[in-house]
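In the order they appear, the protein sequences are chains A and B. For the first sequence, numbering that gives the first Met the number 0 assigns the number 0 to the initial residue and increments by one for each residue that follows. For the second sequence, numbering that gives the first Met the number 0 assigns the number 0 to the initial residue and increments by one for each residue that follows. Note that the Cβ used here is the ideal one computed from N, Cα and C, for glycine as well. All figures in this text were calculated on a predicted structure; none of them were measured in a lab.
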Amino acid sequence: MELEVIEKDKYNLNLIIRGISLEMINAIRRIILSWVPAMAIDEVIILKNDSPLYDEILAHRIGLIPLKTDLETYRLPADCECGGFGCPSCQVSLTCEVVNDSKNNLIIYSGDLKTNDPNIVPVNPNIPIVKIGSGSSLIFEAYATLGRSRTHIKWQPVSNIFFRYLPNITFESEKCNNCPDKCIVSRMCPEKLYDFSDEKIPILQKDYWKSCTLCNACEKNCPEKAIKVEGENDNYLFFIESDGVLPFNTILKKAFEIFYAIIDEFIEKLEQVEVKE
Amino acid sequence: MILQEIPGFKIKFGKILVGKPKVREADGATMEITPIEARIRELSYAADITLEMTPITIDERTQREEPEETLDIYIGKIPIMLKSCRCPLEHLSEQELINRGEDPLDPGGYFIINGTERVLVTQEDLAPNRILAEEASRSSSATHQAKVFSTRSGFRAPVTIERKKDGNLRVSFPSVPGKIPLAILMRALGLHSDREIFEAISENEEIQKELIPVIDVASEIQVVKDSKKSQQNALDYIGKRVAIGQTKDYRIRRALQVLDRYLLPHIGNSEEDRIKKSYYLGQMAQKVMELALILREPDDKDHYANKRLKLAGDLFTSLFRVAFLNLVKDIKYQLERTAVRGRAPNIKTAVRADVITERIRHALATGNWVGGKAGVSQLLNRTNHVGTLSHLRRVISPLSRSQPHFEARDLHPTQWGKICPAETPEGPNCGLVKNLALSSIISIGSDTRIIENILFDLGVIPINEVKNVKGEKIKVFLNGKLVGIHQKYDAFIREIREKRRRGEIGQYINIGYYRDSKEIQINCDAGRATRPLLLLRNMKSQINVDYVEKIKQGKIGWSDFIDKGIIEYLDAEEEENAYIAMFEEDIKPEHTHLEISPAAILGICASIIPFPEHNQSPRNTYEAGMVKQALGLFAANMHLRLDTRGHTLHYPQQPLVITSPMEIVGFNKRPAGQNFLIAMMSFEGFNIEDAIIINKASIERGLARSHFFRTYDAEERKYPGGEVDKFEIPERGVRGFKSAESYRLLSEEDGIIEPETKVNGGDVLIGRTSPPRFIKSYEEFELMQPNRRETSKNMRHNEKGIVDTVIISETVDGNKLVKIKVRDLRVPELGDKFSSRHGQKGVLGLMVDEADMPFTSSGVIPDIIINPHAMPSRMTLGQLFEGISGKIACNTGKLGDATAFEWKNITKLQENLVEAGFEFNGRETMYNGITGRKYEAGIYCTPIYYQKLYHLVADKLHARARGPVQILTRQPTEGRAREGGLRFGEMERDCLVGHGSALLLKERLLDESDKTIILVCEKCGLLAVYDRNRDKRYCPVCSEGTTISKVICSYAFKLLLQEMMSLGLAPRLKLKEKI
Ligand code: SF4
Ligand code: SF4
Ligand SMILES: [Zn+2]
């Protein structure tokens, strides 16, 4: 298996993975999406709410705020010694108390949440929660726990994760009879991967594989069948987009940890049952 | 207005004044009210009407009148239409409206009666005072007929002339039984000779020839050479029908009275009008004859020129007229009573204001209008903003919905631009309930006399001078009434039209010329549907760039264009003479007008549909009906309002693809729906039959969530005898006391639940006790005073929620009123109904985890997956175009425009899509989320605006094991609200019979339904009785000693036996041993 990083920054990780089966890469995608835990507010106790939003809506909005997650310190409530009742090792308490004494309306942002663990804070302090009028106030306590996105989407550790086949386009220039009007293919390609600036024959951009969506528009529309679009088997482009809840390393490490744990458990169970010869 | 009653006294009525909306509180104070206060406190938003009355005493000897001081007397209350000129809201700025608790975008135009918002729905009617000639129905004895609905101040008198098979003409009109020969009637009205009758009908010789049998009939009354005598005879002929068995003198007097009052009242009711009436009858006869001789086409009843719309004003006029006459009658009665008692008349005490107030309030609250019309006032639809607006622009036809009336239901070409072609309900009301088009404006009437004088100034020759005129004669009608003739119609018509454009006569005066029948129809009455059009001069509209700039700066507005004659209103009549270009580039020299916007032919609901011209037309009709069910932001003051039930959508969005009328209608500010990302594919088949597969993650992120509200209210009533209701937690001894458990949520202090309490079905919201019924009867027997009754307000048993608002206020009677609004979060669940804006509705069929959903090659996961089979048979291409346009909008950040008829080159859309970086057909490469495999086909994946409709599973889900039964039949109750059973109907029964499962059938229909045991006397076969005191069974017929047997049967059968017995039948059962 070969790995190549195309792009990596705080929010994006784009890889080329060669020599991996479709089942495996999809399994990784699915494990990250629905098994890797993340922190999110699960319980909100609203003490005072003068805002026009109802408590339910407010709680829903607060729950969706992405929080920085610490998988070292915290455990899933179900795995915790406390049995899920809530204790410092599975729960973080956040509070918010805003009183608007100004004459104008005031927007309450995620940054107004005060936390008792400085490691668990909203990834972005500028997410608006609600707008309150002059003289109104909003007071609530919130409890964040770890959770998995299979239960609720707010616990999703990444904001987007997907892959696609590494494209492979073969262009037979002999077949191309450089169409009299402009090359239809160059107009049809949604990603504008063909140049038809001065040459008679369209030129496929060098790094077309980065953005080609395998839509086949070029293949289907070329009257001379000069183009053939294929996805390479077992070679994939893999994209993870994060909102900053967890660093990529942790996400991937945790994903494999979970993967191994499942396999280990499977093997363990398999050994327990007597397999009849 | 003068009113004469008891001798020596009369009252002169002066001006009538309408004040501001006020309420008279229980303590006597009068206060101005705001609409929101009226809504919350269940008051009527109504103003006082005062009438100036001057009592006049007449000296009995000298007959000198002695007026007393003029008094302003309060005669009743009249509901005020919101935002009308009498409503204080009319001129308020947006901020002021907000301060008063109003939604600044609320359209007004409705009334508030007892706290509920009511609309007076526009009524469509056949135009009054117009002669309509048509072929008679095949079943009648006539061949052709002409009909006119002569209407004068609310009184409607239909007059019909029929041409019989023998060529005779007969007239029927109200209060005269049977049909009267035309010639006799005309004679009675004062035409002296046969020649005059001929002339009054027609100058056409061919017609005159046909009239001979008509004249012949009159010979029986004719006295040769004595026209006076003939007239007397003619009158007597009528008199014999209306006053049978009276003296001749009386008969003639009565006949004259009938002619004046009931024949063609719109012409007049005095002696001079009689001759005019005979000419009018002549006109009618002419039309019939022309039709019979095929000189003219039958009139088209469904032509919109022959329809008039009655708006709230007209409806109120007729209602007030009746109410006021009632009041006058009542004043008379009161005064007579005081006079009988010998007291001096006092108008202040004689006027009972309740007469008018109650009459009007009752009509508005029930919708039963004067003239026997029902459903005139309706509860304003507040599902969403468009629904409200559409309701205010609804038009109802009085035709019965049980009859087919095919022609009346059809869309008539003259409805173009006046009535929406798409928006009408399906089913029995189809085509009878209509909606005004965006461009439609209802004409306001102007004074006929002024117009008539203008016509004479312009060279119209009055009828009485017509005889001596030679040359071309073009008849000129004003509001259906013949005023004279004109000889140079061309210049005359042009002059009137120019006068209107110059603003010299009213803007709603329309003139139409009929070439084939040589008639000019001028209309200046109220209630015609008109529509604005750009006037063309020299193939150009008068609008230029200058104006566009000025409009943008707000310097000029709509009325300026009317005043300048750039835009004019045409009614269906004048439109027949106009040649209207659809677009500017189509203009040819023959064109007279230019359409302002072709999209304005649609109504409010149909304007929400993007690309409607690309949809199959019924789909637009379905959508126009469905948009009224979509959840959204129905009013910005929803927090203050206490509607009995309502929904609000969380995060309503403006559509990505808009139409320009949407902006005008206010849909973008009060939207009802969200932009869903759809993929069109089958996906495991769970979207079969239009179901929708939804991404569970989208729901969890807040897609299509809504709140449901229900308001419960209770009043502390006062009863005669000083007894009162009391809000409290009922004590243990109170009759009907539930368990202490059910009252746990109530406050100790006042017995009312607190806000933000979670409540479930059956929980008590307001604890209340009432005094016992029938106190008197207990007193007589000196029994212990019975306990008070429990009359608490409970939650509906199948609803849950959170108490949202608790409002305590006071009704007009000074009773304490508590209103409690309970809200319930409605997260989309399986079975909830959704629809796109193209009549493509479906229920939620499956919720899929995000990981299992298909994703595109750029990682986009759709919100919903719809079935491709929804497209081919429905042909809603508009939906596909909407998606493409929406995709472009997403990429360019500019909202897509999908106004009807604006896109002439739809392929341009695809080019834009490729430019925006998508495949030209809106498809995406997608991967199966479960296997990770790429789908072979590209999948149509675009953002489309979806509406959540109010048919939610939470409101419909219902099952029952045990539950209440009906008292009469002892069968399970019906309906969800009553916790009813599910009907095991005939077909279900047949099914079990077919399976031969008799015992199951017996269990369903007997054991689990109304099983009962009856006692039957084996000797006589009648029902027997069980005497509990003696523990004995006996037959009341055969007395004791016979064998009595128990029979198991259904209670309904026992009931049947008893009902037959009550009819005097003796249903005998013959019993046999079960083998
Ligand atoms: S359409 Fe095909 S054949 Fe024509 S110029 Fe383009 S690549 Fe060549
Ligand atoms: S497959 Fe589609 S995206 Fe790729 S090069 Fe061809 S047209 Fe462009
Ligand atoms: Zn714990």
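DSSP places Cys1048/B in the uninterrupted beta strand (DSSP E) bounded by Ile1043 to Ser1049. Pro156/A and Leu269/A do not touch by the CB rule: their CB atoms are close to 29 Å apart, not below 8 Å.
Interface annotation for the region 706 to 728 of chain B against chain A: His706, criterion Cβ-Cβ distance under 8 Å. Counting only runs of 4+ residues, the alpha helix (DSSP H) found wholly inside the region 920 to 979 of chain B occupies 952 to 955, in chain order. Per DSSP, the continuous alpha helix (DSSP H) segment holding Tyr621/B begins and ends at Ser616 to Met625. When the five nearest sequence neighbours on each side are left out, the beta carbons in the same chain lying within less than 7 Å of the beta carbon of Leu991/B are those of Leu999 and Leu1000, in order along the chain. In the three-state DSSP reduction, Lys347/B falls in the helix class (H, G or I). Secondary structure of Gly430/B (DSSP, three-state): coil. Membership of Gln271/A in the alpha helix (DSSP H) is indicated by the continuous run Phe247 to Gln271. Within the region 139 to 164 of chain A, the residues whose Cβ lies closer than 9 Å to some Cβ of chain B are Ser148, Arg149, His151, Ile152, Lys153, Gln155, Asn159, Ile160, Phe161, Phe162, Arg163 and Tyr164, listed in chain order. In chain order, Asp69 place their CB closer than 6 Å to the CB of Asn118/A, counting only its own chain and leaving out the 5 sequence neighbours on each side. The residues Pro124, Asn125, Ile126, Pro127 and Ile128, in chain order, have a CB closer than 7 Å to that of Tyr108/A in the same chain once the five nearest residues on each side in sequence are set aside.
For Phe154/B, the closest of Leu318/B, Val1015/B and Pro867/B by C-alpha to C-alpha distance is Leu318/B.
Non-local beta-carbon contacts of Asn268/B in its own chain, meaning distances under 7 Å to residues more than five positions away in sequence, involve Asp259 and Arg260 in chain order. Distance between Val287/B and Pro264/B, taken at the CA atoms: about 21 Å. Interface criterion met: the Cβ of Val913/B is under 8 Å from a Cβ in chain A. A straight line joining the alpha-carbon of Glu335/B with that of Ala635/B spans about 54 Å. According to the DSSP secondary-structure assignment, Arg163/A is paired through a beta bridge with Leu236/A.
According to the DSSP secondary-structure assignment, Met52/B is paired through a beta bridge with Phe12/B and Leu70/B. In the structure shown, Val459/B adopts coil according to DSSP, grouped into three states.
Taking one beta carbon from each stretch, the region 759 to 769 of chain B and the region 784 to 796 of chain B have 3 or more pairs nearer than 8 Å; the two touch. The C-beta of Arg17/A comes no closer than 8 Å to any C-beta of chain B. The Cβ-Cβ distance between Val354/B and Asp329/B falls below 8 Å. For Cys889/B, there is no enclosing beta strand (DSSP E); the enclosing alpha helix (DSSP H) covers residues Leu876 to Thr891.
For His646/B, the nearest beta carbon of chain A is not closer than 8 Å to its own beta carbon.
Taking 8 Å as the cut-off, the beta carbon of Ile257/A is found closer than this to the beta carbon of Trp34/A. Fully contained in the region 303 to 348 of chain B are the following beta strand (DSSP E) runs of length 3 or more, in chain order: 306 to 309. Residues of the region 840 to 867 of chain B with a Cβ closer than 9 Å to any Cβ of chain A, in chain order: Asp848, Glu849, Ala850, Asp851, Phe854, Thr855, Ser856, Ser857, Gly858, Val859 and Ile860. With respect to Thr529/B, Tyr507/B sits close: the two C-beta atoms are nearer than 8 Å. Contact check for Pro166/A and Gly916/B: beta-carbon distance about 16 Å, past the 8 Å limit, so the pair fails to qualify.
For Lys469/B, there is no enclosing beta strand (DSSP E), as DSSP marks it with neither H nor E. Counting the other Cβ atoms within 10 Å of the Cβ of Asp206/A gives fewer than 16, which makes it exposed. Annotation: the continuous beta strand (DSSP E) that includes Met679/B extends over Gln673 to Met679.
Under the Cβ criterion of 8 Å, Gly132/A is not counted among the residues facing chain B.
At least one heavy atom of ligand 2 falls within 7 Å of the beta-carbon of Met187/A. Linking Ser697/B to Phe983/B through their CA atoms gives a straight-line distance of about 39 Å.
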